[in-house]
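Engineer: Take this structure, written in structure tokens, and hold onto it; I'll ask about it next.
And the structure:
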């Protein structure tokens with residue numbers, strides 16, 4: 084049972100933490116008001132819309148909730164409290180997220196009070212499987228922990244390029260990991276899913292690009308784990324990140340979800356650059372996000388082999404022509420109807436064709452796309468600084484890289500599957516981000532994604548000097564997230580529970 | 040000349056778990072007790088003012104007036120509000136205006152009919168945004184305590200004393216309830232029990248710091264003073280009353296260490312009567328939690344801000360049945376308070392008025408306040424939500 088109109092209003096306000104400020108007296112509200120309660124009628128038309136989405140807050144007072152209300156029971160125990168922003172001018176209720184409190188754990192509230200926090204966009208609470216999923220950003224994490232606060236500053240653009248390319252990017256993976264053997268994999272917290280990761284990655288990409296969110300005219304979100312069969316992730320991302328010009332409560336942006344197994348996002352890179360390059364298009368920038376809470380049946384059940392490799396995360400890229408950090412030289416895509424991996428509608432977990440996913444599927448398509456593009460651009464392996472392949476496991480990308488003639492130093496920097504697991508649609512984009520994090524100007528990067536079903540998109544990027552200028556804006560690099568001292572490791576049972584979500 | 044409303048009779052049910060009873064059986068029981076006491080027939084009632092906080096949610100009962108009309112076979116004006124305080128306020132206005140001479144004020148709640156969802160309902164009604172953020176009915180009380188400790192810089196041994204004082208509030212209320220045949224919990228508890236429950240919960244407050252979930256009903260018959268003289272020789276007058284409101288969302292309030300609605304209502308209620316706060320002898324506070332009772336002592340002006348815990352601690356070292364403040368005896372929550380008497384929301388205020396009525400008339404039996412002076416004045420504070428509304432009633436045996 085839920086009320087969709089209430090859901091719309093609550094998430095409209097709560098996802099972005101929208102509010103208002105009186106221009107006369109400065110009083111702030113966590114609600115959109117037409118007039119100030121203090122100043123009354125004279126403040127009509129003098130209220131400024133504000134939001135706390137990119138702000139840093141502070142814990143004023145907190146307590147432990149260990150007997151939550153019904154809809155919060157899956158969160159177990161959590162810290163609930165009062166959070167202030169803007170030097171205490173505005174206070175909101177909220178809970179600390181990304182924190183598992185053990186049954187016997189004693190929480191020292193004084194250790195939290197006064198600490199700085201970052202608002203996080205999360206699922207609000209549990210509802211029936213048929214209901215609209217409630218979301219909210221009244222969930223916070225400590226700014227000194229895994230996810231630091233980063234200011235979002237819209238900068239003036241310096242240079243317009245002839246051809247479009249990447250102007251900013253962001254990768255988001257959660258704070259939780261499961262470690263088995265040499266493989267570490269990102270695990271969502273229980274209030275996270277592919278939608279929340281998409282928003283986080285998009286937020287980080289905006290921060291990195293320095294572009295105003297209004298400049299984004301199109302958003303593509305590629306995923307194979309959208310919690311909805313019908314209802315786009317892209318609409319949520321557009322609304323929360325305020326993409327395009329906002330008119331009343333509607334965003335002036337085109338938003339669409341795409342699906343092609345793990346290449347749902349990488350496929351759209353070329354559409355994004357084409358769109359911003361089309362002379363009659365007034366779209367300045369386009370955003371592409373690959374996001375997945377990668378699905379797998381439990382171990383020891385049919386298809387359960389995937390359970391050893393699946394990760395969680397999202398990567399977002401903004402394409403445009405201003406202050407480009409990596410230009411696109413060219414691309415090549417290929418497709419065949421190869422049923423190596425699929426998920427029927429209504430099924431919770433994907434199935435796969437075992438060994439059939441290898442040679443006739445992954446290798447055939449990745450090799451084809453990469454070699455065709457190299458041929459087209461007249462490139463040899465030695466002309467390329469970095470090679471990025473889709474990474475369903477460690478062996479596949481290494482083998483295909485070697486087959487294409489790449490050396491360890493060319494493909495190892497992008498090989499992230501051992502740190503985050505296979506992030507499905509976010510997988511090769513995450514590899515690309517890891518390379519962009521360390522590349523120098525004028526480096527050439529070859530990306531070859533793979534999507535089961537089956538196809539591959541190969542791209543050649545050449546970095547620019549702007550890469551170095553923008554690098555300092557992003558604290559949440561791939562390396563930072565892989566080697567973060569605040570990572571929390573969970574056991575198998577917890578991993579399955581967290582992945583299942585609220 | 041202003042007509043002063045007078046209470047001529049009160050009645051109530053035991054508070055607790057009444058699984059076998061429909062809600063109307065509870066209000067009937069309370070009303071019958073009051074009508075027998077006043078010796079009046081239901082036909083004498085000119086209007087009914089009923090309160091229930093959320094019967095439409097717990098029992099899917101809408102239009103409670105029609106249901107009361109069937110029960111009483113009366114077709115008089117009836118109004119339903121959320122709290123006993125508000126029902127009584129409307130009743131007082133009708134009497135003062137001369138619209139009616141004899142009215143019934145009743146309160147009822149049937150919370151155990153919705154055990155499984157009651158905390159979600161309570162929290163959503165208290166404040167949806169806090170609910171969305173994960174708040175529970177208990178959490179705000181704990182946050183108020185945290186804010187209080189911080190604001191007044193209570194630390195070290197003082198903090199231990201404050202925590203003990205809060206436990207003593209619960210112990211005192213349970214002690215009082217042992218002599219209240221209507222109370223939900225008629226048993227003593229110890230300070231150690233309260234402290235242990237907090238330890239077990241790993242929170243600033245534990246099980247024994249909070250009022251329970253209850254069913255129950257309370258009723259009273261309110262008349263003009265002229266009519267009261269004919270019905271009883273010991274009417275209790277409503278000398279003054281006021282109410283005030285505050286923001287729904289607790290974190291948005293300017294001061295998070297007390298209840299502005301309670302403080303404002305008290306100020307206005309006492310301004311209207313010519314007695315001092317310190318003249319109050321019988322005080323019924325709204326202790327949804329021990330913190331609420333503590334800060335309310337300050338809000339009503341019995342203690343300076345930030346000091347109530349000292350008064351409580353000093354008086355409870357060797358509790359004599361009352362707090363001694365500036366040489367005067369103050370009897371607080373003689374019925375056991377919400378903690379031990381029970382808290383069926385819409386009826387709770389009725390039980391508070393019931394208690395002051397009985398005490399002022401010297402009819403409280405075993406739990407009769409042992410005052411060294413004649414009992415003249417009582418006061419009731421009722422809050423709605425987490426202090427979103429506050430009602431204060433000043434009652435007295437004299438007409439004032």
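Chains as they are written, first to last, in this note's numbering: chain A, 84 to 585; chain B, 40 to 439. Beta carbons: idealized from backbone N, C-alpha and C, even for Gly. Since the model is a prediction, treat every value here as computed from it, not as a measurement.
Are residue 219 of chain A and residue 281 of chain A closer than 8 angstroms when you measure CB to CB?
Structural biologist: Your numbering for residue 219 of chain A matches position 136 in the first chain. Your numbering for residue 281 of chain A matches position 198 in the first chain. Contact: no.
Engineer: Please identify the residue among A/217, A/447 and A/255 whose C-alpha is closest to the C-alpha of residue 540 of chain A.
Structural biologist: Counting from one through the first chain, the residue named residue 540 of chain A turns up at place 457. Selected option, being the one with the closest Cα: A/447.
Engineer: At a CB distance below 9 angstroms, what residues from the region 279-313 of chain B approach chain A? Give them in sequence order.
Structural biologist: The residues in question are 288, 289, 290, 291, 292 and 295.
Engineer: If we count the other Cβ atoms within 10 Å of its Cβ and call it buried at 16 or more, is residue 213 of chain A buried or exposed?
Structural biologist: By 1-based counting over the first chain, the position of residue 213 of chain A is 130. That one is exposed.
Engineer: Chain A beta carbons: is any one of them nearer than 8 angstroms to that of residue 240 of chain B?
Structural biologist: By 1-based counting over the second chain, the position of residue 240 of chain B is 201. Chain A, which has a Cβ nearer than 8 angstroms to the Cβ of residue 240 of chain B, makes this yes.
Engineer: Note down, in chain order, every chain A residue with its Cβ under 7 angstroms from the Cβ of residue 181 of chain B.
Structural biologist: Position 142 of the second chain, counted from the start, is the residue given in the question as residue 181 of chain B. In chain order: 146.
Engineer: Can you tell me where the alpha helix (DSSP H) holding residue 563 of chain A begins and where it ends?
Structural biologist: Taking the first residue of the first chain as position 1, residue 563 of chain A is located at position 480. Note, residue 563 of chain A: alpha helix (DSSP H), 561-565.
Engineer: For the beta strand (DSSP E) that residue 381 of chain B lies in, which residues bound it at each end?
Structural biologist: For this step, residue 381 of chain B is matched to residue 342 along the second chain. Run containing residue 381 of chain B: none; DSSP gives neither H nor E here.
Engineer: Within its chain, find whatever has a CB closer than 8 angstroms to the CB of residue 129 of chain B; leave out the 5 residues flanking it on each side and keep chain order.
Structural biologist: Mapped onto the second chain, residue 129 of chain B falls at position 90. Counting only Cβ-Cβ distances below 8 angstroms, and skipping sequence neighbours, we find 88, 118 and 120.
Engineer: Report the rounded CA-to-CA distance for residue 192 of chain A versus residue 410 of chain A, giving the unit in angstroms.
Structural biologist: Sequence index remark: in the first chain, residue 192 of chain A carries index 109 (1-based). Sequence index remark: in the first chain, residue 410 of chain A carries index 327 (1-based). Computed Cα separation, rounded: 50 angstroms.
Engineer: Return no unless some Cβ of chain B is closer than 8 angstroms to the Cβ of residue 481 of chain A.
Structural biologist: Looking up residue 481 of chain A in the first chain gives position 398. Chain B, which has no Cβ nearer than 8 angstroms to the Cβ of residue 481 of chain A, makes this no.
Engineer: Which residues in chain A sit within 8 angstroms of residue 189 of chain B, going by Cβ to Cβ distance?
Structural biologist: Looking up residue 189 of chain B in the second chain gives position 150. Residues of chain A passing the Cβ test: 144 and 196.
Engineer: Given a cut-off of 8 angstroms, decide if residue 153 of chain B and residue 152 of chain A are closer than it, judged by their beta-carbon atoms.
Structural biologist: Here residue 152 of chain A refers to the residue found at position 69 of the first chain. Here residue 153 of chain B refers to the residue found at position 114 of the second chain. Not a contact, by the Cβ cut-off of 8 angstroms.
Engineer: Taking the alpha-carbon positions, what's the residue 307 of chain A to residue 345 of chain A distance?
Structural biologist: Translated into the one-based positions of the first chain, residue 307 of chain A becomes position 224. Translated into the one-based positions of the first chain, residue 345 of chain A becomes position 262. Their backbone Cα atoms lie some 7 angstroms apart in a straight line.
Engineer: Could you check whether the Cβ of residue 154 of chain A sits closer than 8 angstroms to any Cβ belonging to chain B?
Structural biologist: Reading the first chain from its first residue, position 71 is the one you call residue 154 of chain A. Answer yes: the Cβ-Cβ gap between residue 154 of chain A and chain B drops below 8 angstroms somewhere.
Engineer: Confirm, please, whether the CB-CB distance from residue 252 of chain B to residue 150 of chain B is below 8 angstroms.
Structural biologist: Taking the second chain and counting its residues from 1, the one referred to as residue 150 of chain B is at position 111. Taking the second chain and counting its residues from 1, the one referred to as residue 252 of chain B is at position 213. Yes, the pair counts as a contact, with Cβ atoms nearer than the cut-off.
Engineer: Do the region 302-322 of chain B and the region 338-357 of chain B make contact, defined as three or more Cβ pairs closer than 8 angstroms?
Structural biologist: Taking 8 angstroms as the limit for Cβ pairs, the verdict is that the region 338-357 of chain B does touch the region 302-322 of chain B.
Engineer: Can you say whether residue 336 of chain B is buried or exposed, counting buried as having 16 or more other CB atoms within 10 angstroms of its CB?
Structural biologist: For the purposes of this step, residue 336 of chain B is identified with residue 297 of the second chain, where counting begins at 1. Residue 336 of chain B comes out buried.
Engineer: Quick check: the Cα distance between residue 398 of chain B and residue 71 of chain B, rounded to an integer number of angstroms?
Structural biologist: Residue mapping note: residue 398 of chain B aligns to position 359 of the second chain, counting from 1. Residue mapping note: residue 71 of chain B aligns to position 32 of the second chain, counting from 1. C-alpha separation (whole angstroms): 21 angstroms.
Engineer: List, in chain order, every chain A residue whose beta-carbon is nearer than 8 angstroms to that of residue 379 of chain B.
Structural biologist: As a working note, residue 379 of chain B is residue 340 in the second chain. Within chain A, no residue comes near residue 379 of chain B; the closest Cβ sits about 21 angstroms away, beyond 8 angstroms.
Engineer: Along the chain, which unbroken stretches of the beta strand (DSSP E) at least 3 residues long are found entirely within the region 427-455 of chain A?
Structural biologist: With a minimum length of 3 residues, no continuous beta strand (DSSP E) run stays inside the region 427-455 of chain A.
Engineer: Kindly indicate if chain A contains any beta-carbon less than 8 angstroms away from that of residue 154 of chain B.
Structural biologist: Mapped onto the second chain, residue 154 of chain B falls at position 115. Output row for residue 154 of chain B: interface = no.
Engineer: Which ranges would you report for the beta strand (DSSP E) in the region 62-105 of chain B if only whole runs of at least 3 residues count?
Structural biologist: With a minimum length of 3 residues, the continuous beta strand (DSSP E) runs that stay inside the region 62-105 of chain B are 86-90.
Engineer: Residues in the region 210-224 of chain A with C-beta within 7 angstroms of chain B's C-beta atoms, listed in sequence order?
Structural biologist: If the cut-off is 7 angstroms between Cβ atoms, the region 210-224 of chain A has 219 and 221 near chain B.
Engineer: Just checking, does the region 128-147 of chain B make contact with the region 112-119 of chain A on the three C-beta pairs under 8 angstroms criterion?
Structural biologist: No, the region 128-147 of chain B is not in contact with the region 112-119 of chain A.
Engineer: Compute the beta-carbon to beta-carbon distance between residue 318 of chain A and residue 370 of chain A, rounded to the nearest angstrom, for a pair I have assumed lies under 8 angstroms.
Structural biologist: Counted from its first residue, the first chain places residue 318 of chain A at position 235. Counted from its first residue, the first chain places residue 370 of chain A at position 287. At roughly 13 angstroms, the Cβ-Cβ gap does not stay under 8 angstroms, so residue 318 of chain A and residue 370 of chain A are not in contact.
Engineer: Count Cβ pairs between the region 525-544 of chain A and the region 339-353 of chain A that sit closer than 8 angstroms; are there 3 or more?
Structural biologist: They touch, by the three-pair rule.
Engineer: Closest to residue 429 of chain A by C-alpha separation, out of A/437, A/310, A/197 and A/316, would be which residue?
Structural biologist: Locating residue 429 of chain A in the first chain gives position 346, counting from the first residue. Checked all of A/437, A/310, A/197 and A/316; the closest Cα to residue 429 of chain A is A/310.
Engineer: Do residue 402 of chain A and residue 338 of chain A have their C-beta atoms closer together than 8 angstroms?
Structural biologist: As a first step, residue 402 of chain A is located in the first chain; it is residue number 319 there, counting from the start. As a first step, residue 338 of chain A is located in the first chain; it is residue number 255 there, counting from the start. No, the Cβ-Cβ distance between residue 402 of chain A and residue 338 of chain A is not below 8 angstroms.
Engineer: I'd like the ranges of any alpha helix (DSSP H) spanning at least 4 consecutive residues and lying wholly in the region 223-289 of chain B.
Structural biologist: Whole alpha helix (DSSP H) segments, 4+ residues: 230-240 and 264-270.
Engineer: Can at least three beta-carbon pairs, one atom from the region 155-163 of chain A and one from the region 115-130 of chain A, be found at a separation below 8 angstroms?
Structural biologist: No, the region 155-163 of chain A does not touch the region 115-130 of chain A.
Engineer: Quick one: Cα of residue 440 of chain B to Cα of residue 104 of chain A, how far?
Structural biologist: For chain B, the structure presents residues 40 to 439; residue 440 of chain B sits outside this window and is missing.
Engineer: Could you tell me the boundaries of the beta strand (DSSP E) in which residue 142 of chain A lies?
Structural biologist: For the purposes of this step, residue 142 of chain A is identified with residue 59 of the first chain, where counting begins at 1. Where residue 142 of chain A is concerned, the enclosing beta strand (DSSP E) stretches over 140-148.
Engineer: Judging by CA-CA distance, which residue of B/310, B/276 and B/364 is the nearest neighbour of residue 417 of chain B?
Structural biologist: By 1-based counting over the second chain, the position of residue 417 of chain B is 378. It is B/276 whose Cα lies nearest to the Cα of residue 417 of chain B.
Engineer: What residues of chain A sit near residue 359 of chain B, judged by a beta carbon separation below 8 angstroms?
Structural biologist: By one-based count along the second chain, residue 359 of chain B stands at place 320. Those within 8 angstroms of residue 359 of chain B in chain A number zero; the least Cβ separation is about 34 angstroms.
Engineer: Taking residue 519 of chain A as the reference, give the member of A/483, A/533 and A/561 with the closest Cα.
Structural biologist: Here residue 519 of chain A corresponds to residue number 436 of the first chain, with the count starting at 1. Here the closest residue by C-alpha is A/561.
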